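This report concerns only the one structure given below.
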Amino acid sequence: MLAMRVRFAPSPTGNIHIGNIRTAIFNWLAARSCGGEFLLRIEDTDRERSTDEAVQALFGVMEWMGLTFDGEPVYQSAQREAHLTAAESLLEGGHAYRFAKGDGGEATLLRFPWNTAGLPFVVDTESVELELHADEPVCVDQTGVSYSLRTRKGKPAPQQGTLAGFKGLQLYNAAGTLLLGLDDEVGGILDGTVAHEVAGAVRMVFQRREVQFTDLVKGHLSKPLDSMRDQVIVRSDGNPVFHLANVCDDIAMEISHVIRGDDHVENTFRHVFLYASLGAKLPQFAHLPMIVNQQGRPYSKRDGDAYVGDFRAKGYQPDALFNYLTLLGWSPGHDVEYMPRPELIAAFALDRVISSPAQMDFRKLLDFNGRYLADLPFAEFANAAWAAAADEDWAGGEREFFDQVALLLQTRTKLFTDVAGWAPFFVETLTYDEKAVRKHLAKDGVADRLRALAAAFSGLEAFDVAGIESAIHGVTEAAEMKQGKLNQPIRVALTGQSVGAGIYETAALLGRERVLARLEAGIAQAG
RNA sequence: GCCCCUAUCGUCUAGACGGCCUAGGACGCCAGGUUCUCAUCCUGGUAACACCGGUUCGAAUCCGGUUGGGGGUACCA
Numbered sequence: 001m002l003a004m005r006v007r008f009a010p011s012p013t014g015n016i017h018i019g020n021i022r023t024a025i026f027n028w029l030a031a032r033s034c035g036g037e038f039l040l041r042i043e044d045t046d047r048e049r050s051t052d053e054a055v056q057a058l059f060g061v062m063e064w065m066g067l068t069f070d071g072e073p074v075y076q077s078a079q080r081e082a083h084l085t086a087a088e089s090l091l092e093g094g095h096a097y098r099f100a101k102g103d104g105g106e107a108t109l110l111r112f113p114w115n116t117a118g119l120p121f122v123v124d125t126e127s128v129e130l131e132l133h134a135d136e137p138v139c140v141d142q143t144g145v146s147y148s149l150r151t152r153k154g155k156p157a158p159q160q161g162t163l164a165g166f167k168g169l170q171l172y173n174a175a176g177t178l179l180l181g182l183d184d185e186v187g188g189i190l191d192g193t194v195a196h197e198v199a200g201a202v203r204m205v206f207q208r209r210e211v212q213f214t215d216l217v218k219g220h221l222s223k224p225l226d227s228m229r230d231q232v233i234v235r236s237d238g239n240p241v242f243h244l245a246n247v248c249d250d251i252a253m254e255i256s257h258v259i260r261g262d263d264h265v266e267n268t269f270r271h272v273f274l275y276a277s278l279g280a281k282l283p284q285f286a287h288l289p290m291i292v293n294q295q296g297r298p299y300s301k302r303d304g305d306a307y308v309g310d311f312r313a314k315g316y317q318p319d320a321l322f323n324y325l326t327l328l329g330w331s332p333g334h335d336v337e338y339m340p341r342p343e344l345i346a347a348f349a350l351d352r353v354i355s356s357p358a359q360m361d362f363r364k365l366l367d368f369n370g371r372y373l374a375d376l377p378f379a380e381f382a383n384a385a386w387a388a389a390a391d392e393d394w395a396g397g398e399r400e401f402f403d404q405v406a407l408l409l410q411t412r413t414k415l416f417t418d419v420a421g422w423a424p425f426f427v428e429t430l431t432y433d434e435k436a437v438r439k440h441l442a443k444d445g446v447a448d449r450l451r452a453l454a455a456a457f458s459g460l461e462a463f464d465v466a467g468i469e470s471a472i473h474g475v476t477e478a479a480e481m482k483q484g485k486l487n488q489p490i491r492v493a494l495t496g497q498s499v500g501a502g503i504y505e506t507a508a509l510l511g512r513e514r515v516l517a518r519l520e521a522g523i524a525q526a527g
């Protein structure tokens with residue numbers, strides 16, 4: 001088997017969201033897990049909406065996520081001539097025709113071939129017999145067959161399908177007389193010289209044909225050809241449409257596996273004909289389940305939700321987001337979910353991707369982020385925390401002291417924005433959490449104990465962790481309290497908060513002078 | 001309307017051959033523990049096979065139907 005060549009093909013029409021980047025991740029993992037190549041193609045043919053800023057943002061996001069691509073990015077807009085040339089050759093080979101639909105000029109349409117003998121992905125299935133609505137005519141021309149079924153209430157329900165979907169079509173009237181046999185005149189219809197409008201038909205019979213392909217994720221898929229319509233490949237204004245451009249580029253880039261979102265499944269039934277008409281070999285297809293938002297709808301650029309850049313701005317670790325996203329629609333098959341990138345590369349396989357949509361769980365992502373932060377080498381953690389603190393009022397103190405605080409809090413940090421909560425180490429005047437004050441400080445006897453503690457602290461020879469611990473123990477023993485009962489009141493007095501790092505370490509780091517001042521302020525709060 | 005896909009705890013998921021599933025793991029939540037607290041850590045608990053039929057000695061697992069969800073049905077990508 002040839003090496004795997006995959007591509008990520010976003011259109012730069014806005015910020016890239018979580019669904020897009022997950023597609024990129026799976027492509028990247030598929031390639032990296034088997035030594036294949038991961039290419040980037042920027043589908044910028046929608047010139048009105050494609051902006052250079054969006055392209056730069058795309059590069060930024062990919063770099064941040066560590067999604068390295070091979071070779072130079074391909075810009076689809078630069079391939080326009082190739083697309084048009086392909087359309088021209090399709091026209092010359094009889095695989096396409098020009099037709100004026102509506103009031104526009106002539107567009108170029110791909111013709112699903114009447115003769116499917118050489119196409120392994122089209123098979124004849126059952127013979128179909130349909131009751132028609134007699135009031136509506138059946139129209140047969142080179143664009144296809146249009147007819148009307150009856151709804152339950154007896155109203156006409158218009159249908160339309162490509163000519164090739166109606167092999168052996170026969171139309172009958174109520175008396176059972178054959179009104180039209182398609183196969184006899186298909187030649188003229190195909191070249192556009194003959195068209196029929198048949199009135200009074202109540203019954204149609206034809207041989208159904210199905211288009212089939214095997215998806216690496218979803219398995220064997222099929223769709224009746226009579227439910228499909230001929231596909232415009234070049235608009236009447238002369239611009240190639242997405243389907244043509246996409247397939248031409250994938251052929252030109254020699255893509256072996258097309259890995260994309262579930263929303264492209266239906267397109268694939270049409271794309272296989274394009275590959276065949278262009279004389280190209282079919283790639284393998286893998287359609288990934290959509291990632292849906294809290295409302296159960298797929299993320300879209302229009303909703304402006306869940307941009308990857310937002311996660312970056314909020315201080316998420318790219319590796320944590322990467323790891324988390326990998327678990328949406330895929331699982332390694334064992335119980336370990338926390339998998340650094342090399343493990344992910346080793347474990348990833350397309351055949352373990354599932355096919356139903358997944359919803360983001362931001363809490364689980366946060367948990368992953370906390371684990372990745374805890375596992376960061378300390379120097380890296382401290383640098384990033386320092387950078388994250390730059391926007392705080394208290395930023396810019398001594399780096400050595402900051403590092404000591406960071407060391408104390410690394411394992412408890414879920415997100416770098418949490419450093420805002422480190423303020424008690426860096427500011428003079430505390431902001432008290434009212435709830436914490438009420439619960440821990442404003443209780444009978446607390447003020448007395450804090451006074452006793454202040455005295456004990458003052459008498460301490462060395463204001464270190466061991467000394468602080470024994471001083472606290474001394475006070476609780478004298479008050480006949482349970483060990484640790486005084487810790488939360490002390491914490492609230494020293495930090496204004498009910499949560500934080502170990503209290504002895506916190507006190508030691510704050511230093512005797514500040515601790516004493518805060519105890520006094522705390523006593524005032526305790527009233 | 002028509003076509004395609006899909007359905008296990010609140011969420012992400014495990015569950016190749018039907019019995020090892022009185023359905024496992026993770027997040028969340030709850031409780032307890034770490035002879036000092038907490039957002040760390042440890043232990044325990046909570047909670048699911050959409051519904052109805054069928055096949056079978058036996059079904060979350062196979063088949064059919066219903067319902068729900070998603071996608072498509074464009075001279076959008």
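Sequential numbering of the first sequence, starting at 1, is according to my numbering. All C-beta atoms in this analysis are idealised placements derived from N, C-alpha and C, irrespective of residue type, glycine included. Note that the structure is predicted; figures quoted are calculated from it, not measured.
Query: Alpha-carbon to alpha-carbon, Ser222 and Val205; Result: 21 Å
Query: Under 8 Å between C-beta atoms of Ile233 and Thr143; Result: no
Query: Ala87 vs Leu282 beta-carbon contact at 8 Å; Result: no
Query: Supposed contact pair Glu106 and Ser236 - C-beta distance, whole angstroms, cut 8 Å; Result: 6 Å
Query: Pairwise C-alpha distance: Thr125 and Pro137; Result: 26 Å
Query: Alpha-carbon to alpha-carbon, Leu516 and Ser458; Result: 8 Å
Query: The stretch 377 to 384 touching the stretch 340 to 360, judged by at least three CB pairs closer than 8 Å; Result: no
Query: As assigned by DSSP and simplified to three states, the class of Gln547; Result: Since the first and last residues shown for the chain are 1 and 527, residue 547 lies out of range.
Query: Beta-carbon gap between Leu325 and Ile16 smaller than 8 Å; Result: no
Query: Pick from Lys218, Glu254 and Lys485 that is closest to Met290, judged by C-alpha positions; Result: Lys218
Query: Beta-carbon spacing of Thr495, Pro424 below 8 Å; Result: yes
Query: Selected residue, minimal CA-CA separation from Leu132, among Phe121, Pro120, Lys155 and Val123; Result: Lys155
Query: Burial state of Gln295 (16 or more Cβ within 10 Å); Result: exposed
Query: Close-in-space but distant-in-sequence residues of the same chain around Arg371 (CB under 8 Å, 5 per side omitted); Result: Ala320 and Tyr338
Query: DSSP beta-bridge partners of Asp124; Result: Arg209
Query: Alpha-carbon to alpha-carbon, Arg32 and Leu510; Result: 48 Å
Query: Sequence ranges, alpha helix (DSSP H) only - wholly within the stretch 121 to 168, length at least 4; Result: none
Query: Unbroken alpha helix (DSSP H) run spanning Thr108, endpoints; Result: It is not in any alpha helix (DSSP H) - Thr108 instead sits in the beta strand (DSSP E) that spans Glu106 to Leu110.
Query: DSSP-derived helix/strand/coil call for Lys281; Result: coil
Query: Val353 - partner residues in DSSP beta bridges; Result: Trp330
Query: Leu450 beta carbon less than 8 Å from that of Ile523; Result: yes
Query: Phe38: first and last residue of the uninterrupted alpha helix (DSSP H) it sits in; Result: Not the alpha helix (DSSP H): Phe38 falls in the beta strand (DSSP E), residues Glu37 to Ile42.
Query: Gly93 versus Arg7: straight-line alpha-carbon distance, rounded; Result: 29 Å
Query: Cβ neighbours of Tyr307 in the same chain (closer than 6 Å, five flanking residues each side left out); Result: Asn15 and His17
Query: Per-residue DSSP class, three states only, for Phe529; Result: Residue coverage of the chain in this structure runs from 1 to 527, which leaves residue 529 outside it and unanswerable.
Query: Ordered list of alpha helix (DSSP H) runs contained in the stretch 377 to 464, each at least 4 residues; Result: 378 to 388, 399 to 409 and 446 to 458
Query: Candidates Gln404, Cys34 and Lys364: closest to Lys414 by CA position; Result: Lys364
Query: Span of the alpha helix (DSSP H), counted from its first residue to its last, around Arg518; Result: Arg512 to Ala526
Query: Option in Gly333, Gly329, Pro298 and Arg341 with minimal Cα separation from Pro318; Result: Arg341
Query: Neighbourhood of His257 by C-beta, 7 Å cutoff - its chain only, sequence neighbours within 5 removed; Result: Met4, Val6, Ala30, Pro283, Gln284 and Ala286
Query: Cβ-Cβ distance between Gly329 and Ala358 below 8 Å; Result: yes
Query: C-alpha distance - Leu481 paired with Lys443, whole-angstrom precision; Result: Position check: residue 481 holds Met in this sequence, whereas Leu was assumed. Met481 and Lys443: Cα-Cα distance of roughly 14 Å.
Query: Whole-angstrom C-beta distance between Val272 and Phe362, which should lie under 8 Å; Result: Not confirmed; about 38 Å, so no contact.
Query: Cβ-based neighbour list, Ser127, same chain, cut-off 6 Å, excluding 5 preceding and 5 following; Result: Gln207
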